[in-house]
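Encoded as structure tokens, the structure appears first; notes follow it.
Chains as they are written, first to last, in my numbering: chain Z, 1 to 462; chain F, 463 to 924; chain Y, 925 to 1386.
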């Protein structure tokens, strides 16, 4: 566009002026490149970096959202443990990704994995610039964004993946066993999936599209959780011998709702920030569309889930409605850059229905997913990834290949890891600790020590 | 400033150089326009857009604030229903505003209403740019901001309007009736008010000033709520036959407080983002003043409300203090761009007093506003709109005309709609459901199923 | 710098073709200076300002974090009072800092204190610009950022300082006494410490480094709290006659956890925003490193605190883990701009251990700090300030001098103020009010009036 404008200007000149200006052009060109009205190099750099930091901050906030959703959803007797697990997950993820994960995912990635070197750091040119060498600025700027702002944005994604697992297998997994799995998930499993895709590996080369991680983040978390669920089994008494299911409604609905609002807000950063740049009108327009589609899909997920909850679950179900928001959000995450916004509504609405049906399906399969992580993150992650081929121009075959490859890799490795943990340090708390609750049994505290709580009915177990 | 500098440079030249440079100027000027130190076209576009997205995200967060404020303020037996209503309100608002509301408010607005076309979308030039046509960038940039970033920012405002209603008429309105009203409010009533004002209609042409919506958002929500209150009547037992008022303190003070903090934070986006641009020093300065005034008014509202609560309400009242923050925020919202910051303190403090007095007044009028939405949003919305004529240079007559016109339109239409809903699908839950609580009666859940709750006293009703 | 460059360009002049171009250079250069790819004046201004506003908003959010942390940590019977105190603290801080505090800290600072003039306001050039005088833009831009955006960012820091105090002395201090202290802390004590350092006073001249306030904010709050603790004494029954300590676990663990996540998020603004600029690659890189180090230190604080909690406190302690996050954050705050990120891990981990040990130490000293503010903010504030000499290049001697000077000034003045308050308006509630709880005794409400609470054991007091 810039060049076109220049040509037009020149075509209007007289002879002398052309001569003068040609000379002027030759030497001034480096100075005026991008001068007219485009965002320039250093400004782009700053804007790209700031977008990573602001949106990354919002994605970090999702860790609080998962914590609230999960701790409000479990029995009161396990709510403190969920708090601890979640702040632990966020901490461990951040450290593991710094120590090895990012390098495996993004540094010198071949087809399947990156570099095994330890620690990650700012570039030498950035260090020089910070040290006062203004001459390093050009090289710094040529990177497009501050090195660590990208690291920060990537780090909060791995934390999200790990958060998904904790809710599904809550109320019976040992804390240390869970932290050990988290370490392996964030230091190895997730980075490998990431290397195949965002890191530029074999799936990326085939054209696999997953804008912000329906598969890479949400299905990865979902498959890891499902493997854990199959190894650890349901909570005591959840599935009764007579075939009925013990209802375990959220113990603190307000806190669950708060968690969902936090996640919804954070998702603007999750998807919007995945535009990965803010240095041009193109990126600003793209980011705006992404955020609007994200919101429309979530809204449609809520309305659809509420609408079908009575027929699927037998009652207007608040928890289904809240999960509908998550379902809509996960569903749009693979392709939030679609142009036609009404597609976002359809994709989100289908997600809301799928998730509600998935809650019922898991019950029928006697898989005890405490917070509905499998329907919301795994089912909708798959749906969203495939949907990106309908509305956002990706190849269905490649999308399916991506879904299946990640499924096989994550599920198999996770299953083995969960089994190994079960065989060594042990995976599940004792039946007595489970009955008593992990808060008292493992932490020696109660979530609300001054509230009088309902006595639990212990006659219920198998 | 740019031109002045150029002139100065020329005055220092010799004769020949002037000749050369004049020619150079003629042809280079398009290239270097804005080069010296002004924010340029595309950079402006990006900054404007990013401001809409970031501040819009914070306004969305206000939906969580309303949810927490309201669900913590109602009886425990209705708290889950409030959660459901609020996530429903936010979802329905966003869809309704996408399907029709925005077009009614902003597209081809004559004097009173915009276009009745369905759906809203990105501009064709933006679609071209996203499709790879770099030549479309100039037209995209000439719009000043990404089309959908503005839509996003406007959408979160309609959601705020709708949120105000849910708290006032809580604990007795049927869920579907409320959702139906929300749909009409956000698809039609609010957009019409918006068309008159921000959309450029007749009130805007007269010079009506309402920077971020003291009237357009808060009074509109307040009048709609008041109409609902008059149609639906007070909760059973709230106003006793002996003339006393049954106290209904918040059931979860911490959650109410959290809600107020969320709203306070979100208001920085609400008012700051209403500067509507960030592409110049003018806008950056304006936005800074707006945010500072917003904070000062809220702080003054808290202090003033606490100071008068003992004399008005008979005790130092936390809920009055918390509502004082909202009152200060609503009051400053029509004119947060005032230059003298101490005016913000006065406006906020008066708002805090008004709101506290309004709580008492409503009780005396036997109007049962569960969360104090009328005093905080309606009374202070009126006060703020009129105050903008004192401190921010608006005409008192026009401000008053705006207040009255919006009052008549919103109240009358809302009253009719509430009546129609009451006559058709029914507005109020059965007395039995109200006694039992909507959570159990309509949703089949409890907010805190494991906490032992106080038995309700049922002897109290009229 | 610009002028110097112009001079240098002129000195390089040569003969003919060179003559043309050099002439072109001479006169066009002022126009195109910075055109190539540097961030220009007004763009810098906008970016700097926006960073202050966005990050300042996040720091305001920390007020909600402290409120949640503290109100979840105290006995249920005092939780509403903590909510009131915290919204009061934030309001009073903002007003006091507007009326006098900022001027004392930043305006015409000599060695020890700034100006005693009242009120603060936008510059005259900004007022002219807002009034339509485009010619004022150059002077406005030359300030580097909008005047009030800086005020906003500074104001939220004083609010943080005041928040630290409320948690430590909770559950027995009178509300008005506490508000009076808050007024003096935010109008005078903190501004004086600030004048010595960020205001450019004597400690700044010696090279004292405290990037975002380990000492200036956190230790100041900590010393003020410690003085208060010594004057007011422990809660009734906390330290029993037989030498044992009455356990007082958090009454609402989920809310405490939420508070910690809010603080963690807010700290990205606290430290990241303290880069104080975003108008260059240098600042964008610096800000990114700061935020990454902040996150790493917090994560390390959590892991370290959990790891040592069993050996120090006798059990895996969630509250220690949560405080570990705060400890890591406070510890890195003096020098989050270190280049080697693994230093952030070490500094944060040491902070986590120190904080956990500090909790035990205070118990042994029979100092009753309800929320662990002294270990987290004071101990780690000192550690962080000294650590900045290890990893971030500051002089150990100067850092120590800063720590000691601030300690002496804040502790002595605070102690006198607390004593004076105790002697005049009274500092502590009656024993009866303390037993009953401040919510009922002073506010006439309960935090959760509908939940059945455990009866308190009153036989416990000394």
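Beta carbons are placed, not taken as given, at the ideal position from N, Cα and C, and that holds for glycine.
None of the values given here were measured: they were computed from a predicted structure.
Residues in its own chain within less than 6 angstroms of residue 386 of chain Z by CB, not counting five upstream and five downstream?
Translated into positions along the first chain, residue 386 of chain Z becomes position 386. The answer, listed in chain order, is 399.
Return the first residue and the last residue of the alpha helix (DSSP H) that residue 261 of chain Z is part of.
Counting from one through the first chain, the residue named residue 261 of chain Z turns up at place 261. Its alpha helix (DSSP H) spans residues 253-272.
When the distance is taken between beta carbons, is residue 644 of chain F closer than 8 angstroms to residue 555 of chain F?
Taking the first residue of the second chain as position 1, residue 555 of chain F is located at position 93. Taking the first residue of the second chain as position 1, residue 644 of chain F is located at position 182. A contact, by the Cβ cut-off of 8 angstroms.
Taking all protein chains shown into account, decide if residue 976 of chain Y is buried (16 or more other Cβ within 10 angstroms of its Cβ) or exposed.
Residue mapping note: residue 976 of chain Y aligns to position 52 of the third chain, counting from 1. Buried is the call here.
Return helix, strand or coil for residue 881 of chain F, following the three-state DSSP convention.
Walking along the second chain from the start, residue 881 of chain F turns up at place 419. Residue state, collapsed to three classes: helix.
Checking contacts by CB at 8 angstroms: is residue 696 of chain F closer than that to chain Y?
Working through the second chain from its first residue, we reach residue 696 of chain F at position 234. Residue 696 of chain F does not count as touching chain Y.
Counting only C-beta atoms, is residue 1110 of chain Y closer than 8 angstroms to chain F at any point?
Walking along the third chain from the start, residue 1110 of chain Y turns up at place 186. Cβ-Cβ to chain F under 8 angstroms: no for residue 1110 of chain Y.
Which residues mark the beginning and the end of the alpha helix (DSSP H) in which residue 897 of chain F is found?
Locating residue 897 of chain F in the second chain gives position 435, where the first residue counts as 1. Counting along the chain, the alpha helix (DSSP H) containing residue 897 of chain F begins and ends at 893-898.
Are there 16 or more other CB atoms within 10 angstroms of the CB of residue 709 of chain F, so buried, or fewer, so exposed?
In the second chain, counting from the first residue as 1, residue 709 of chain F sits at position 247. By the 10 Å Cβ count, residue 709 of chain F comes out exposed.
With DSSP collapsed to three states, give me the class of residue 1320 of chain Y.
Here residue 1320 of chain Y corresponds to residue number 396 of the third chain, with the count starting at 1. Of the three classes helix, strand and coil, the one that applies to residue 1320 of chain Y here is helix, per DSSP.
Is it true that the stretch 66-75 of chain Z meets the stretch 1154-1167 of chain Y, where meeting means three or more beta-carbon pairs spaced less than 8 angstroms apart?
no
Drop a sphere of 10 angstroms on the beta-carbon of residue 579 of chain F, count the other beta-carbons inside from all chains shown, and report buried for 16 or more, exposed for fewer.
The residue given as residue 579 of chain F occupies position 117 in the second chain. So residue 579 of chain F counts as exposed.
Which stretch, first to last residue, makes up the alpha helix (DSSP H) that contains residue 612 of chain F?
Position 150 of the second chain holds residue 612 of chain F. Unbroken alpha helix (DSSP H) run through residue 612 of chain F: 609-630.
Return the bridge partner residues of residue 239 of chain Z from the DSSP annotation.
Taking the first residue of the first chain as 1, we reach residue 239 of chain Z at position 239. DSSP output for residue 239 of chain Z lists Z:245 as bridge partner(s).
What separation, rounded to the nearest whole angstrom, lies between the Cα atoms of residue 801 of chain F and residue 1044 of chain Y?
Within the second chain, residue 801 of chain F is the residue found at index 339, counting from 1. Within the third chain, residue 1044 of chain Y is the residue found at index 120, counting from 1. Distance between the alpha carbons of residue 801 of chain F and residue 1044 of chain Y: 12 angstroms.
Looking at residue 628 of chain F and residue 840 of chain F, is the spacing between their C-beta atoms short of 8 angstroms?
Residue mapping note: residue 840 of chain F aligns to position 378 of the second chain, counting from 1. Residue mapping note: residue 628 of chain F aligns to position 166 of the second chain, counting from 1. No, the pair does not count as a contact, with Cβ atoms beyond the cut-off.
Which same chain residues, not among the five before or five after residue 837 of chain F, have their C-beta less than 6 angstroms away from its C-beta?
Residue numbering aside, residue 837 of chain F sits at position 375 when the second chain is read from its first letter. Within the same chain, 817, 820, 821 come within 6 angstroms of residue 837 of chain F by CB-CB distance, once the 5 residues on both sides are set aside.
Starting from residue 1373 of chain Y and walking both ways along the alpha helix (DSSP H), at which residues does that stretch end?
Counting from one through the third chain, the residue named residue 1373 of chain Y turns up at place 449. Element bounds for residue 1373 of chain Y: n/a, residue is neither H nor E.
Let's test the definition: count the other Cβ atoms within 10 Å of the Cβ of residue 365 of chain Z and tell me whether it reaches 16, buried, or not, exposed.
Your numbering for residue 365 of chain Z matches position 365 in the first chain. The residue in question, residue 365 of chain Z, is exposed, as its Cβ has fewer than 16 Cβ neighbours within 10 Å.
Going by alpha carbons, who is nearest to residue 1371 of chain Y out of Y:1075, Y:1222, Y:1175, Y:1223?
For the purposes of this step, residue 1371 of chain Y is identified with residue 447 of the third chain, where counting begins at 1. Cα-wise, what sits closest to residue 1371 of chain Y is Y:1175.
Under DSSP, the alpha helix (DSSP H) around residue 653 of chain F begins and ends at which residues?
Translated into positions along the second chain, residue 653 of chain F becomes position 191. Per DSSP, residue 653 of chain F is one residue of the alpha helix (DSSP H) stretching across 652-658.
How close, in whole Å, do the beta carbons of residue 809 of chain F and residue 853 of chain F come, if the pair is a contact with beta carbons under 8 angstroms?
Here residue 809 of chain F is taken as the residue at index 347 of the second chain, counted from 1. Here residue 853 of chain F is taken as the residue at index 391 of the second chain, counted from 1. Residue 809 of chain F to residue 853 of chain F, Cβ: 7 angstroms. Contact.
Does the distance from the C-beta atom of residue 1205 of chain Y to that of residue 130 of chain Z stay below 8 angstroms?
The residue labelled residue 1205 of chain Y in the question sits at position 281 within the third chain. The residue labelled residue 130 of chain Z in the question sits at position 130 within the first chain. Using a Cβ distance threshold of 8 angstroms, residue 1205 of chain Y and residue 130 of chain Z do not count as a contacting pair.
Can you give me the Cβ contacts of residue 543 of chain F inside the same chain, cut-off strictly under 7 angstroms, excluding the 5 residues immediately before and after it?
As a position in the second chain, residue 543 of chain F is number 81, starting the count at 1. Excluding sequence neighbours, residue 543 of chain F sits near 637, 900, 901, 904, 905.
Classify residue 1020 of chain Y as buried or exposed, calling it buried when 16 or more other Cβ atoms lie within 10 Å of its own Cβ.
Residue numbering aside, residue 1020 of chain Y sits at position 96 when the third chain is read from its first letter. With 16 or more Cβ atoms within 10 Å of its Cβ, residue 1020 of chain Y is classed as buried.
Run through chain Z and tell me which residues come within less than 9 angstroms of residue 1122 of chain Y, C-beta to C-beta.
Within the third chain, residue 1122 of chain Y is the residue found at index 198, counting from 1. Result: empty, since nearest Cβ-Cβ is about 21 angstroms, beyond 9 angstroms.
Is any beta-carbon of chain F found at less than 8 angstroms from that of residue 1350 of chain Y?
By one-based count along the third chain, residue 1350 of chain Y stands at place 426. With 8 angstroms as the cut-off, residue 1350 of chain Y does not count as an interface residue toward chain F.
8 angstroms is my cut-off, CB to CB: does residue 61 of chain Z come that close to chain Y?
Along the first chain, read from residue 1 onward, the residue named residue 61 of chain Z stands at position 61. Judged by the 8 angstroms Cβ criterion, residue 61 of chain Z is in contact with chain Y.
Closer than 7 angstroms by beta-carbon distance: list the chain F residues that pair up with residue 268 of chain Z, in chain order.
Within the first chain, numbered from 1, the residue matching residue 268 of chain Z stands at position 268. Neighbours of residue 268 of chain Z on chain F, chain order: 519.
Checking contacts by CB at 8 angstroms: is residue 1371 of chain Y closer than that to chain Z?
By 1-based counting over the third chain, the position of residue 1371 of chain Y is 447. False, the Cβ-Cβ gap to chain Z never drops below 8 angstroms.
Report the neighbours of residue 83 of chain Z on chain Y: residues whose CB is nearer than 7 angstroms to its CB, in chain order.
Numbered from its first residue, the first chain carries residue 83 of chain Z at position 83. Simply 1177, 1178, 1181, 1242.
Closest Cβ-Cβ distance between residue 1255 of chain Y and chain Z: below 8 angstroms?
Locating residue 1255 of chain Y in the third chain gives position 331, counting from the first residue. False, the Cβ-Cβ gap to chain Z never drops below 8 angstroms.
Name the chain F residues that come within less than 8 angstroms of residue 1361 of chain Y, Cβ to Cβ?
For the purposes of this step, residue 1361 of chain Y is taken as residue 437 along the third chain, with counting starting at 1. The contacting residues do not exist; residue 1361 of chain Y stays about 12 angstroms from chain F at best.
Distance cutoff 8 angstroms, beta carbons only. Does residue 853 of chain F sit that close to anything in chain Y?
Residue mapping note: residue 853 of chain F aligns to position 391 of the second chain, counting from 1. Chain Y contact via Cβ: absent.
At 4 residues or longer, and completely inside the stretch 563-595 of chain F: list those alpha helix (DSSP H) runs for me, N to C.
564-568, 586-592
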